[in-house]
Each structure stands twice: as structure tokens, then as C-alpha cells.
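Take a look at the structure below.
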Amino acid sequence: MGVVEDSRINGLTLCLWGKYCARHGLIYPVLFHMLDTAAVAGELWDRLLTGPQRDTVAAGLGMSRAQACCVVMFIAGLHDLGKVSRFQACEPVAWARVSDELRADAGRWRLMRHERASAHALVGILAEMGYELSGDASPAVRMAQIAGGHHGRFPQLDVHGAASVRRVQVDLGGRLWQEIRYRYAAQVRHLTGAETVPGQVSVTAAVLMTGLVMAADRLASQRKVWAPRADAPAYGAAQHFAWARWKAREVVEESRLARIDLPVLPFITAHPHLRAPNPLQASILDSLPQLADARGAGIVLVTDGTGAGKTVTALEASRILNDACGSRGLCFLLPTTATADAAYDTLCGYLHAHRPTPAVLTLVHNHSWLNAAYSDEMLAPGDVPTCTGDDPHTDEDDDDDCRPPGNGGKSGTWRRILPDGWVRGWDRALLAQFTVATVDQALMAALPVRDSALRMLSLSGKCVVVDEAHALTAFSRRILLRLLHWLGSLRTPVVVLSATLPGQTARELLYSYLAGAGHRRRDLIAREDEFTVPYPGWLFADAATAQTAVILGDVRTRHAAAQQRTITLRLAPARYRRLEVPARRARTGERLARIAAAVAPVARLGGCAVIVCATVADAQDTYRYLQQFLEWPAGPQDLLLVHARFPGHCLERALARVRTQLGPFGPRPERLVVVTTSLLELSLNIDADLVVSDLTSLARLIQRAGRLWRFEQAWQDERPPGITPRPPWIRARGPRLTVLHPIDHDRTTLLPEAWAATDHPYLQHASAHLLTLPGHQRITLPEQAQHLVELVHQSGLPATWSGPLAALHEQHLAAERAEEHTSTIHLIPPHDRVASLADLHRQKLTAAQAATRPHDRPRRVLASYRRPGHPPTLDTAGRFPLLQGPHLCPAAIRTVLQHTVPVPSAWAAAATQDHQSPEAWQQHPLLADLVLLPHDPDRPQPVQLGHHLLHIDDELGLIHGETAPAAH
């Protein structure tokens, strides 16, 4: 029979299952699921992919857009062809429906994961259809790998061994099974119109196609899509495909993945809190449209002082690049969850200004469940258990037995921009048109983890903004360089923002992007001067020609003058000693005494101060000391402790208070002292009258200085109703940053052991040294910021460095090289060094194993309070019971998660059975790994885990101690 006859009723056997629901006895033919996926892929081609993405795929296949669309639908439809194999026997009830002839023709077949079976079977089938079959890069092999990679990893194919026609006939069933596979493939090809055979398949095209196939498969696998049509095969393939094309439009519409165009708004309408663009923003608005229209996609690097409006600059640059390049949307990447949450609020406002456009904004980081409005779908229990044979979240070896898992459904004012339904799933949120995420979520696209192709598809269709690029370590920065290389190859517009980025680091970012776009690195290095970014200012380099354009000199001068602030930097020698006993009064010259003296005028006369401590323990000591020995006229609300080891709901409440009371619109209190850690120094839009900081790197000190009198100029122009003038004593002194310099008895720098994890010793010693030199006690921002950063971070040795400092400098450079080397080990290769697509997954890392930072992933602990005769609770007052399932609603799960605290993994390594989460939680991915800390509210005492002592205090957060080492 031919494909036309096969497309009619009773033309092809429909006894082979692709989806099965035991609870309702639903069986769905695998051919129909394949056609559903092909139809959804076609709809995603039109509504999810942008013009540049479609061009990349079409060029990579060597054909027109229309022909490429047909080929993409074809290969998407073939993704589950491997289920026409022994896979059918995985479910006895469904297997009983398979015809006797097919069951008799099983032969000596063996069980393999169906995605690998798809790849093996397709090599020969595609070759028979005219696809070239030769080496790893031949179209038949790469197309088979695309289909076999729909669960997130590209399989290696041995076309002369396991993937040969002879072996496939043995491993995947006899002649009848082989015939059905070929007829199914031919039918999909006929219905999708993929008659043209591509002469090539580029790596970039293959990655984007795989991501699209993965998205289409997951959309088509939703139970609500296939269940209504199950067990009703009273129609042929052609009739079903016509229905599938119609249904695909509805499925994609409900997923909210379809790209939209934001209306063009005047600047002050899009940013209603601003009266006009500043000179740097105006320069971007004037120059970038012509540059992008003429040259196409590229990378923009913006350097500017803290609080100068870099976020708004990035939003405008992204809009311009998207309009010129055809990309749609925005992915805002930040270094921490706290900064991501702040950026999420900013982008909510930006999209709200474009209402009623139905834009979708997702928040993607491992604490996004704290947002009650956002996270219900991700916390919800699974849908009706469904056997699909699809498990995108496990990492068994390809040759493991088939284990059909559950297909759990991860399925006010901002209602239009909150994600609904499918796009809210953990692994799919990056696909949304507008996304705020921690940078780690994007960096995993450059690591050999499952679903990396889906992440690359998600990033490549929108403008990617990397904020606070200076905050990345050498380890993370190395991964970012590889990601930029790939984004350059995909012609993805990129915007990088920084306040304190060393010049050489900025050039490396530019080189990586342009090298990915096809320019030789040595040619770029030879033009080093052209890639020096003015400070403050911007530089644009296009992917096509690698030519650069920068901000005009007079504009830069005007912008610097408008942002100018002179900060007094006072280095205060201090002897470091922990508080130890709450009632102990620090001696003159101790760190705690210095802090108390610096903020005592705030307690007496009013003002808003921020104290930034090196560690959480130091912050807790400082808070207790100030609370004990300073008088607070309005009571304890004048003093606030904020650090990362509070339960999530407490931390969110404290951060919200800081953002409001120290923000640009207030209401600002008469008096407030915030004791914190480095948590507040990145991307939080706050203004302090006075800042006291422990010694840290000069780049961080500049960041902290940026919080001093941050809104002074704006408030002079127009003071909001909730903002009172600064106290007279503050105005008389001016903005001042006091840096606590830990010293030994001979007044040399002596860093406490506990500070070793905060910064490399060289950075702290170099900062202390520079601040003692003439001319550095008063700095003018932003002019001097880059000069000071370059002094510390230059690869050569500054002439003023002493012998010990020079040795520390060498150690710092060696440590950075070691981090870079360690990071490089796990990177995927550049796109132009990929032979087989399996090269992208030579290492099998899970998302949990993939390291994007050079330290262990934290564990989460949860205090449970137990009174005799009462069930355990999450709080001392007994208001929140510790619900133990088995079925927890999203609100209950969020309540549990909001009471957890992150700790270093070593602290919880000695947890025993007594500290395990309830059995009912073991099946929930967010609850299974929690460590319980049983507390008696009537007799508070630390919980011992090995030699670590942990106690959660309502006022101080988690308190950590250690037992004395045992005597030998």
C-alpha cells in the first residue's frame, strides 16, 4: 500500500500504544501522538520561533523557510518511532491489544529506552528516504540524533554497529515491526510535506530543532490533549492530522508561548518613575537604532555607576535590538535570587506599562516558589498518573530497563503578565517571552546537562541581558564566555551591564561573543584598543562585521558630571573579636565598638544607616551588640537584621521593608539601622545616609558606596511625599563610607579566619593598601571607579605593591586560573568543534550535579517544634502544623518551603534518620531533601549534626556553632 492508502481509515494499524492511563483505561495510538507532535511543532515554528531562529534552521538545512518547517515537523513526528519496539510490552494491558502477528514477530528483540530506539531505527529509514548517510555529521545521522535527543540528551550512534540496519532488525523486532516503522515514518513525511531532503544539518540548526521537538513533545503529551481522542480511532491518519493541526493552535495558545509585539511607548510612559532619559540612555536611544538596523544583531556592553539607571538602559537597548534583529522578548540574568526578585518587580512594572498586551513574565530560580502569586502550578501535585514512557527528569543510562514513570503535571493587578499553565513548569519557564532568572539557569545551557538544547532555544530567540557581570567568579565567568560564544553563533542580541568590571574581563566577553559569530580571536585581540569600553558609557559590536561603536566623548562627560558624587572613604583600624557573651562590652578599638561609635549619632539624631558585615555570624553579633548598648528612642523597630539564613518568609518580609523604606519613594523612616551581609549590595535600589562595611574587595566597596545618597539628585529635583530631608548632622558630614580594617597588634592587616570564604585575601589586602595611599580617602564616582578597579585587578604587578602583597597577587591569579581550568572541564565544546551531536553530552551531568559556581550547593533545613502530646509545628506559637500528607496543596507546600533555611551542605552532612523529612514528602522534589531540626519550644537548645550545632532563633535567624574537637 502507498502513503495515500495508508492515510485512510484502516490504512495503518493503530494497535500500538503511545500513551496509556491505567486509572481510566485510556490507550492512545503512538502514530496519533507522533502526528500530534508534528502538528504542534509546526505551530511552534510559526508562533514561538523568531525570524532569526527560523533563518538559522533554514540556512543550517540549506533550504527555504517553508521547506525547513516541513522538515522540522517531520522529524518532530518521528521522535517516538522507537516505541514501535519491545517498548510495547512495558504495559501489559496495552500490550494485550497488540495483534498476534506482531507479537509473534518479536524475535530476539531487546529492551532499550525508546528515544535511543528511535535514533537507531531512523538511521536506516532516513537513508532509504534519500538522506545522506556517511559520517557523524551526515544528515541521516544528525536527524536521527535530533529525534533521539527529545528527552534532553543526544545519543552517540554507531552506524556500523548498534544503529546499523542489521542490528535494528534484531534488536527492535522482525520484518513486520520494521515495515510498520517505515510506513509510519513515510506517513508522517507525506502528511507534513517534507519531501525535500536537506543536504546538510548544521550544529546550531540541530540544537534549535531539538529544543523545538522537545517543546512540541511535551505540549502534545499533556493528558488534556490526547485523552479525549483516546480509544476512538474511527478515522485514518490524514483525518487525525487535520484535527491535530486545528488542535495545535489551541494548545500553543493555551501554553502562552506565542510571541507578541509590545506597543511602542514614549520613554516616560514605559518608565513612569523617570522624567527623561539620562545622557547615557539618550545616547543609546539616538545611536543604537541606526547601528542595529544597519549591522544587525550584536553585543552591547554598558558600564555605569551604581544607581545610574543601567536597568532602564538595558530595557531600552533590548527593545531596540529586538526591533532591528527580529528577536522577541527578554531574558534578564542576575547573580543572586534576591537581585532576581528585585528585577522581577521592575519588569512587572515595565510590562504593566504596556498593558493590555498579554505579555508573560516568568521568574526562574530555585527560590521562586516563595512568590505566592507565581508558584502554585509548580508546587501542585501531579496529574492523573499516565504511562507515557517519557521521563525527562531522570538520568538512567540509555541501556537501562524501561521504567514508565508518572507524567506528573507541572503543568490582581499583574494577572496578564503572570504565567499560566504549561509555561510555569520548572524546566519550561525559560521559554516564556519575558524571563527573569539567576544567571545559573542560563549557564546550564553551556553544560552537558539534560535539556540544554531546550535552554539554548529559550535564550536564542530573545535579547539576553547579563546584569552585574562583575559579580561572577572566575569559575562562573568561564561558563559565561562559552555561553556567549554560542549566542554569538546564533546571532542572539546580548546586553551586558556592570558597574565595576575590569577592562580585560569586558574585552574577553566581547571576544567570546564575536568568535562565536565567526571572527578569528587573534584578529580581535589585535584590535584590543577598539574593544575598550568607556566608563561610564557603552560599546556596541555587531556579530556580522565585529565593528565597534562607542558613546560620544562629550555625552560621556555630561553623563559623568550629572551622576557625580564625592564619597568620603574612612579606613578605621579595628581589632576583630566575636561577641561571645551577649552582655560583654567591647573594648575601645574593637570592631564592635567602632561600629557602635559610627552609628550612635543615628540612634540619637536620626538617619538611615546600613552596616554590611563579612559573615552572618558577624551580623548577628553586631545586631545583638547594638541592641544591647545603644538606646533606640522608638524601640526595636529602629534596628533591622537582614541576612540569608533567615527562614524564607522572614527574609522576604525584611527585604520588602528595606526596599520600601530605603527606596526612592518611601515612606522613609526617621531612623533605621540595617545590619546585613553582602546580600544588599547588588541591584537593590536603596539609599543610605551612612554605610559601615567590613573590609572587602574594592569593587564591592564601590558597590556599597553606590548606596550612599543614591537618590540625592533626584530628590533635589522632585522630593516624593514620603521622603523627609536628611538630618542636619548627616548633611554636614556628607556621604561617608567607613571601612573597618582588621589589624594585628602592629597595625598590619590581619584577616579573621571566618572571612576566608568571602573574598580572596589579596583583594582585601589590596583594598586596605590602596585606601591608605594619598588621594584615596575621597573618591569621586563614577569617574574614579574604573581606575581603582583596574589597579586591583590588573594582571601585571602595580609598582606600589610590597613583597607580601605581590605574593598574594600571584596566589590570586593562580586561584583564578585554577577555577577557570576546573570550570572548563565540564563545558560543552564550541559549536564549530562539534562533530557528532553526542559531543554535547559526553558527560552525563544532571541539573543538580552541574556546577555553575565553585562551591557546594546548599542544603535546606527546617525547624520543627514539638511539644509532648501535640503534633509538630513550623513555628513556636503552634500556628502552622507540620502537614505530612500524603496529598499537600500548593499553599501547604509553600508554607513548608517558606520556613526553610539554606545552609552549607557540610553542616547537614551528619543528618540521621531523626532528621529526615516525613515519608509522604519523599516523592516531592522540593521536600524530599529537607533536613528537619527538631526543637522543643519550651526548652530551646541547638540541634547537633555531627560537630555542628544549629538553632533557629526568631530574632537572629539560624545560629551556627561547633562543638570542641574531641581530645585524643
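Basically our numbering = 1-based index in the sequence shown + 1147.
All C-beta atoms in this analysis are idealised placements derived from N, C-alpha and C, irrespective of residue type, glycine included.
Predicted model, so just to flag it, every value in this text is computed and none were measured.
V1680 and L1225 have their C-alpha atoms some 49 Å from each other. For R2007, the enclosing beta strand (DSSP E) has its first and last residue at R2006 to Y2012. The stretch 1884-1893 and the stretch 1407-1423 do not touch, with fewer than 3 CB-CB distances between them shorter than 8 Å.
Bounds of the alpha helix (DSSP H) holding R1880 are P1875 to R1880.
Contact holds between the stretch 1737-1754 and the stretch 1764-1774, because three or more Cβ pairs, one in each stretch, are under 8 Å apart.
By DSSP's assignment, Q2063 forms a beta bridge with V2078.
Here T1905 is not near T1735, since their CB atoms are 8 Å or more apart. When the beta-carbon positions are compared, L1404 and L1195 come within less than 8 Å of each other. In this model, A1487 and A1994 are separated by some 20 Å (Cα to Cα). Considering only F1776, L1752 and T1704, the residue with the shortest C-alpha distance to A1730 is F1776. The beta-bridge partner set that DSSP reports for K1166 consists of Y1175. Beta-bridge pairing by DSSP links G1445 to D1689.
For R1725, the secondary structure class from DSSP, reduced to helix, strand or coil, is coil.
For the pair of segments examined, the stretch 1294-1311 was found to touch the stretch 1350-1369: the number of CB pairs separated by less than 8 Å reaches three. Excluding five sequence positions before and after W1876, the CB atoms of its chain that fall closer than 8 Å to its own CB belong to P1748, L1752 and G1754, given in chain order. V1805 and L2077 have their C-alpha atoms some 29 Å from each other.
In the DSSP assignment, S1659 falls outside any beta strand (DSSP E) and lies within the alpha helix (DSSP H) extending over G1650 to G1663. Annotated three-state conformation of G1271 is helix, per DSSP.
Assignment of beta-bridge partners to D1841 by DSSP yields L1887. Under DSSP, T1896 takes part in a beta bridge, and its partners are I1890. Counting along the chain, the unbroken alpha helix (DSSP H) around Q2045 starts and ends at P2037 to Q2045.
Membership of Q2091 in the beta strand (DSSP E) is indicated by the continuous run V2090 to L2092. The residue from V1398, A1901, E1727 and I1698 with its alpha-carbon nearest to that of S1430 is I1698. Contact between L1163 and P1176 is confirmed by a C-beta separation of about 6 Å, below the 8 Å threshold. A contact is defined here as three or more CB-CB pairs under 8 Å, and the stretch 1666-1677 fails this definition with respect to the stretch 1386-1393. The beta carbons of P1889 and P1899 sit about 6 Å from each other, so the pair counts as a contact at 8 Å.
The Cβ atoms of M1259 and D1193 do not sit closer than 8 Å to each other. Contact check between the stretch 1867-1875 and the stretch 1954-1965: fewer than three CB pairs, one atom from each, fall below 8 Å, which does not count as touching.
In the three-state reduction of the DSSP assignment, H1617 falls in the helix class, which pools H, G and I. Under DSSP, the beta-bridge partners assigned to A1719 are L1887. CA-to-CA, the gap between L1671 and I1926 works out to about 34 Å. For R1712, DSSP records a beta bridge to L1928. If the five residues before and after A1188 are omitted, its C-beta is found closer than 7 Å to the C-beta atoms of V1219, M1220, A1223, L1359, V1360 and A1363, all from its own chain and listed in chain order. In this structure, DSSP gives G1277 a state outside helix and strand, which the three-state scheme calls coil. Out of A1861, I1174, V1821 and A1241, the CA that lies nearest to the CA of Q1784 is found in V1821. Here H1632 is not near H1796, since their CB atoms are 8 Å or more apart.
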